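For the sequence shown, UniProt numbering assigns the number 1 to the initial residue and increments by one for each residue that follows.
Here is the structure we will look at, set down as structure tokens.
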Amino acid sequence: MDKTFEPQSIEQQCYQQWESNGLFKASGSGDPYCILLPPPNVTGSLHMGHAFQHTIMDALTRYHRMKGDNTLWQVGTDHAGIATQMVVERQLNAEGKTRHDLGREDFLSKVWEWKAHSGGTITQQMRRLGTSPDWDREVFTMDDNLSKAVTEVFVKLHEEGLIYRGKRLVNWDPVLHTAVSDLEVVNEEEAGFMWHMRYPLADGSGHIVVATTRPETMLGDTAVAVHPEDERYQDFIGKEIKLPLTGRLIPIIADDYVDPEFGTGCVKITPAHDFNDYDMGKRHNLPMINVLTADAKINDEAPEAYRGMDRFDARKQIVADLDAAGLLVKIDDHKLKVPRGDRTGAVIEPYLTDQWYVAVESLAKPAIEAVESGEIRFIPENWNKTYYQWMHNIQDWCISRQLWWGHRIPAWYDDSNNVYVGRDEAEVRAKYSLTDDVTLRQDEDVLDTWFSSALWPFATMGWPEQTPELETFVPSSVLVTGFDIIFFWVARMIMMTKKFTGKIPFRDIYITGLIRDESGDKMSKSKGNVLDPIDLIDGIDLESLVAKRTSGMMQPQLAEKIAKRTRKQFSEGINAYGTDALRFTFAAMASTSRDINFDMGRVEGYRNFCNKIWNASRFVLMNTETEDTGRDGGEMVLSLADRWIWARFQQTLKEFEAALADYRFDIAANLVYEFTWNQFCDWYLELTKPVLNSDASSEAEKRGTRHTLINVLEHLMRLLHPFMPYITETIWQRVVPLSTLQLKGDSEQPSIMVQAFPEQDASKQDEQVLSDIEWVKRFIVGIRNIRGEMDISPNKPLNALLKHVSAEDSRKLDAARGFIDKLARLESVKVLGADESAPASATALVGDMEILIPMAGLIDKDAELSRLAKALDKAEKEVARTQGKLSNEKFVSNAPEAVIEKERAKLADAESQLEKLKQQHATISAL
């Protein structure tokens, strides 16, 4: 093996071998296990959220594949109607063209051309992350077979009266000229105004004052509402207002929705331009007057003076005209939530249009029951409440979009605008007995991408055909997704899959947290705190780092932090951590928390973990590759340490699998980290040296230890593989020829990923040996602590005296004497009788047993006290300095909380160090 672990030298080669050898396919045998990849947008690139979730999905996939399950990770991408159309339109705009210059057919050809050349970015990046879905089954939501499923579902739901066309209020993007979903609307607080206006009573007897943040919508007011029990306005209910600037008469109505405490207690009602007003308008049978065009200009329903004006220009003019008429009371500064399109940044308008809808009430009922009964479970369970809240208050679903890219709605219109729905025009003509002289035109709209995504669990398996995959992999085993799309996608998949297959789509729904930066802020390009997972894998050179900082894509502080970590590596790339370190970081952070703060320091730590594994493996191979490891038989004697590491591995394996079963990837990662670093690499490798390097050890004992070294390492690679695929594959290839593993699969080119996951073996579980080695470790650590506290060289042999030694202590001492003498560097060990006294000694405890190391001749007491006095003085000054800083009111009130917390942590460390120095001083003074 190479002396150092270089992930870049192994990753591409490993992945190409896995994929080219077809190792990602379902085996066809064993219990079915299936994960559906939430289809990323075809326009997208891998971000930290993807990398996090894909790591979890791949870990589960690799684990169940090794467990012998018939494992399928179904992969695919979403056509992303709005995003993809915008990408191609921007390209056309750069050429001075629009999609309308090309026409629908040629524009769609351009989109397919773009998809062929640029649409595979994210799937290539998924490969870089080491993911192992069945790429031969990769699908795209606009593929013919998935499009067939979309059409089939639409037609069937329409035939049942569950899809209908109606005029209702939608979120409207005036730049894209389409309805958008709530998920595509970003509501952020902005500074605005509240305008207070007088509305005169029609009978001339007075006026009422209303307040609004959108004065331009008053042109579409059809009522003013007050609370029915508001004593101030009892005499006004039923009267009419003469709406300023329009002259229309509108009623004053009473409705419980009105909050008497907010504003003046009078609310202007514009049913065509506000969702709450729309509901009130339906309750009171109010007219719905739309005063905006599709691009948010004032239309012909408004007075002539405002027609054709942009909504915000009209706002200014309306306010000026109200002021001139003496109807403007005041203008207050006001913070409000402004809805903006996530793609365009344009202010979204509630807009009254004709759209297609799914009536979801009957579909929601079985979907609610599936979760209530436990047939489907959320992990963590608390997300049930969010699901129920949405599902019990569900509204009909707007599924049409005014785009060209997407699944075109299978509906046709004749010259009288009668609507006909069918799978194609020929079926429509036959179904509705329409002759050839009846002209038909297809609906211009396409379906919301969430509609096709809702069919993902069964459309990807071949539905409406009755395929073997549909039978085997529906329901799938687990869905890994974020909480933000529980309603938009998860709930709709449950509804649609239950409706069209009678099955649930998945058994478990694992809801992940949101990856934030280390300060807890959401990662966004506008904030410049976004980390690119590929940069973390490959590293980022100085030129790229400067470019990201200069363009505003990265905060100066973040860029500087990255640069500081490894300035010497600029020429080779900064923070080239490799895939395994990044994946293990994600696994270790996958707690049940809603928010997960990503700390680059942890990736650096797990890169060191990779180095630790690599170096430990080199040690094992150096001691076994040219030696007899017992693979072909021969007498073997397992030492206490050999039996202990097997027992410790079994304990770790059991707890690891229990953690995975509960989706506690953080616990599983920490378990395997602790075993690998602390037990195997640190303790066991040290414990093998007294056996391997001693002339007193028999060949059977050495063979037993070499056998244990190689086979525990081989088992450990299989245990680690789901989290760290590349390093484990590479090491395993070197280790497995020396092990006793019975290979599965192609013996000429074996791979760890298709081998059996380690099995729990009761014969290797030994509580006594676990207890014995823990006693040995405490003994050795006790002596090492004395060396450290007394500044005694680790190479200096010591004489140990033991007091209060029980029969059990004697047994353990006899069994492990070879390990203790070697690792604690003891020249002699003497058990003191009850009446024997000991000279001045440093002491350590192992249970009730005392270990005494006589200090005579080991240390210069005066010199050591002098050294400690200097260290105490320095520590006391550091404590005083930090305490002074934290007691400075100006510092505490002005410094960021993160800085204050850092100082508090410094103080805690300094106080702890000071206390240790005091204890050392007291101990040596007493000698």
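For every residue, glycine included, the Cβ atom is placed at its ideal position computed from N, Cα and C.
Please read all numbers here as calculations on a predicted model, not as lab measurements.
- Where G704 is concerned, the enclosing alpha helix (DSSP H) starts and stops at 699 to 720.
- C266 has its alpha-carbon roughly 50 Å from the corresponding atom of L108.
- Between T123 and S452, the gap from beta carbon to beta carbon reaches 9 Å or more.
- Inclusion of I537 and G578 in the CB contact set at 9 Å is warranted, their separation being smaller than that value.
- L249 is classed as exposed because its beta carbon has fewer than 16 other beta carbons within 10 Å across all chains shown.
- Taking 8 Å as the upper bound for CB-CB distance, D134 and K25 are in contact here, some 5 Å apart.
- Within the same chain, Cβ atoms closer than 6 Å to the Cβ of I10 are found at Y726, T730, the five residues on either side in sequence being excluded.
- Taking 9 Å as the cut-off, the Cβ atoms of Q442 and R165 do not count as close.
- Taking every protein chain shown into account, the CB of T213 has fewer than 16 other CB atoms within 10 angstroms, so this residue is exposed.
- Residue G462 holds the alpha-carbon nearest to the alpha-carbon of R137 among N795, S551, G462.
- The shortest CA-to-CA distance from Q679 to any of G422, H100, I613, R703 is the one to I613.
- Remark: fewer than three beta-carbon pairs, one from each stretch, lie closer than 8 Å, so the segment 476 to 486 and the segment 100 to 120 are not flagged as touching.
- For V846, there is no enclosing alpha helix (DSSP H); the residue is part of the beta strand (DSSP E) that begins and ends at 841 to 846.
- Beta-carbon to beta-carbon, K764 and W683 are separated by about 17 Å, too far to satisfy the 8 Å threshold.
- Under the Cβ criterion (8 Å, minimum of three pairs), the segment 392 to 409 counts as touching the segment 353 to 368.
- Inclusion of D662 and I379 in the CB contact set at 9 Å is warranted, their separation being smaller than that value.
- Counting other Cβ atoms within 10 Å of its Cβ, E184 reaches 16 or more and is therefore classed as buried.
- Rounded to whole angstroms, the separation of the alpha carbons of S828 and A840 is 17 Å.
- Residue range 826 to 831 is occupied by the beta strand (DSSP E) that includes E827.
- Annotation: Q91 to A590 spans about 39 Å, alpha carbon to alpha carbon.
- Put simply, the backbone Cα of A225 is about 25 Å away from that of W172.
- The three-state secondary structure of R340, taken from DSSP, is strand.
- Per DSSP, E188 lies in no alpha helix (DSSP H); the unbroken beta strand (DSSP E) holding it starts and ends at 185 to 200.
- By the neighbour-count criterion, in which 16 or more other beta carbons inside 10 Å mark a residue as buried, D484 falls on the exposed side.
- Short of 7 Å from the beta carbon of V892, and not among the five residues preceding or following it, lie these beta carbons of its own chain, in chain order: L886, I900.
- Rounded to whole angstroms, the Cβ separation of G68 and A756 is 7 Å, and the two are in contact under 8 Å.
- A Cβ-Cβ contact shorter than 9 Å links A824 with I783.
- When beta bridges are read from the DSSP output, A411 appears opposite V421.
- Classified as buried, K498 has 16 or more neighbouring CB atoms from the shown chains inside 10 Å of its CB.
- Under the three-state reduction of DSSP output, T728 falls in the helix class.
- Its Cα nearest to that of N41, the residue H50 stands out among H50, N145, R232.
- Within its own chain, the residues whose Cβ lies closer than 6 Å to the Cβ of P350, once the five positions on either side in sequence are excluded, are L169, H273, D274, F275, listed in chain order.
- The alpha carbon of F656 has as its nearest neighbour, out of L146, K702, V672, V421, the alpha carbon of V672.
- In the DSSP assignment, N171 falls within the beta strand (DSSP E) that extends over 163 to 173.
- Put simply, the backbone Cα of H64 is about 28 Å away from that of F598.
- Ranking G22, Q557, T4, A370 by CA distance to the CA of Q749 puts G22 first.
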